[in-house]
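Below you'll find the structure, written out as structure tokens, and then a few comments.
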Amino acid sequence: MSEPLRWVDAGELAALRFEPGAVVVIEGIEVAVFPLGDGYTALVNSCPHAGGPLASGIRDGDRIECPWHGWSFELATGACIQVPSRPARRLPVCVVDGRLSIGLPAAH
Ligand code: FES
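Using my numbering, the first residue of the sequence shown is number 1, and each one after it goes up by one.
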């Protein structure tokens with residue numbers, strides 16, 4: 001069973017600058033948003049190795065490489081290529097009427 005979510009507004013999509021990720025802060029959580037396919041994906045903007053800013057990493061196709069020590073993550077899932085036991089935390093994203101929302105666990 002999937003975890004219940006609540007959707008938190010993260011602002012106008014048009015205001016985001018993707019370099020390669022765009023940083024939004026929701027309820028104190030820094031989130032890195034990336035374009036992916038026809039839509040968007042979001043990872044917590046803190047590398048699970050030592051907290052590097054994934055939004056400022058190096059984009060390589062459907063992966064982002066951490067700018068600090070080079071761990072690489074699948075944007076769609078957060079899976080870590082080098083250390084599978086240390087994935088980045090992915091958060092659900094939706095866009096409605098040009099506004100971005102991020103899904104947080106209902107209990108957060
Ligand atoms: S902090 Fe990201 S690879 Fe070290």
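Even glycine gets a Cβ: it sits at the ideal position worked out from N, Cα and C.
What you are looking at is a predicted structure, and each value in this text was computed from that prediction instead of being measured.
Status (buried if at least 16 other CB within 10 Å, exposed otherwise) for residue i
i	result
Gly-51	exposed
Gly-57	buried
Pro-84	exposed
Residue i (DSSP reduced to helix, strand or coil)
i	result
Ala-107	coil
Leu-16	coil
Ala-50	coil
Own chain, CB closer than 6 angstroms to residue i, minus 5 neighbours either side, in chain order
i	result
Leu-16	Ala-22
Ala-79	Pro-87
Ile-26	Val-8, Ala-10 and Ile-102
7 angstroms CB neighbourhood of residue i in its chain, flanking five on each side removed
i	result
Glu-74	Asp-62 and Arg-63
Pro-4	Ala-106
Arg-89	Leu-43, Val-44 and Gly-78
Cβ-based neighbour list, residue i, same chain, cut-off 8 angstroms, excluding 5 preceding and 5 following
i	result
Leu-100	Asp-9, Ala-10, Gly-11, Glu-12, Leu-13, Leu-16, Val-24, Val-33, Tyr-40, Val-93 and Cys-94
4 or more residues per run - each alpha helix (DSSP H) lying fully within the region 66-108: none
Chain-ordered residues, beta carbon under 6 angstroms from a heavy atom of the ligand FES: Cys-47, His-49, Ala-50, Gly-51, Gly-52, Cys-66, Trp-68, His-69, Gly-70 and Trp-71
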